[in-house]
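Enquirer:
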Amino acid sequence: MDYIIKLAFVLLIFVYSWFFQIQNQEWDMLRSMLKDANNIAVHDASQELNESARAQGRLIIDPAEAFATFRQSLRANLGLDDGLSPLAGSRLQTQVKIVKFDIVDQSSGVTFPFLYEDSNYGITKYIQGPSVIAVIETTHPVLISRAKVQEAIIVPAVQEYKMND
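Every letter in the sequence shown is one number past the one before it in the UniProt record's numbering, and letter 138, counting from 1, is 138.
1. Please work out which residues of its chain come closer than 8 Å, Cβ to Cβ, to leucine 49, disregarding the five sequence neighbours upstream and downstream, and give them in chain order.
2. Can you tell which of Phe114, Lys100, Val99 has the C-alpha that lies nearest to the C-alpha of glutamine 106?
3. Where do the N-terminal and C-terminal ends of the beta strand (DSSP E) with serine 131 fall, by residue?
4. Measuring CA to CA, which of Asn120, Ile98, Tyr126, Tyr121 is closest to valine 110?
5. Mark isoleucine 153 as exposed unless 16 or more other C-beta atoms lie within 10 angstroms of its C-beta, in which case mark it buried.
6. Give the secondary structure of valine 10 by DSSP, where H, G and I count as helix, E and B as strand, and everything else as coil.
7. Could you tell me the boundaries of the beta strand (DSSP E) in which glutamine 159 lies?
8. What alpha helix (DSSP H) runs, 4 residues minimum, are completely inside the region 34 to 77?
9. DSSP puts isoleucine 103 in a beta bridge; with which residues?
10. Thinking just about the alpha-carbon of each residue, which of Pro156, Thr139, Glu160 is nearest to the one in glutamine 23?
11. Please look up how many angstroms separate the CB atoms of valine 132 and valine 155, rounded, as I've assumed it's under 8 Å.
12. Flag this pair as yes or no: are the beta carbons of tyrosine 116 and valine 104 separated by less than 8 Å?
13. What residues are listed by DSSP as bridge partners for threonine 111?
14. Excluding the five sequence neighbours on either side, which residues of its own chain have a C-beta within less than 6 Å of the C-beta of aspartate 102, listed in chain order?
15. Given that a residue counts as buried once 16 or more other Cβ atoms are within 10 Å of its Cβ, and exposed if not, what is glutamine 150?
16. Can you give me the Cβ contacts of threonine 94 inside the same chain, cut-off strictly under 6 Å, excluding the 5 residues immediately before and after it?
17. Nearest-angstrom Cα distance between glycine 57 and serine 90?
As structure tokens, this is what we get:
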């Protein structure tokens, strides 16, 4: 009887460790997917230049067009609906939130290179030209309920134009 209790305890620890490992692998995969999608989306958003300003030799990113393109790119790359909730068949299980979308360009009066800092999301970068900065988040996948609540998966991305002197 003592042997069976010990075996059951070892089996319980094994199963718990197995689920914990699966949960960590899911977190890694989701973070990687979000990072790739966010990088693509900020790149796409940075392409939305104001053509009249560009004709005058200034790189100004159109904020409304850039944000719309950013959202559309996220939707296409992550399998999301209009509200950024996952569609059927998407790897994600919860809504993606855009927690920050910022444009730094010549219209904001900065001179490049410019030190961009956001301590809330851990972004510190010298940007060399007009840039789109975005941070997205989604909830941590949970397979094992624990007393400690897992923090959300937060993914920043920066896309910049490097100015030639």
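All C-beta atoms, glycine included, are put in the ideal place defined by N, C-alpha and C.
Expert: Quick answer:
1. Leu59, Ile60, Ile61, Asp62
2. Phe114
3. 131 to 138
4. Tyr126
5. buried
6. helix
7. 153 to 160
8. 51 to 55
9. Val132
10. Thr139
11. Incorrect: roughly 14 Å between the Cβ atoms, too far for contact.
12. yes
13. In DSSP, threonine 111 forms no bridge with anything.
14. Ile133
15. exposed
16. Thr138, Thr139
17. 42 Å
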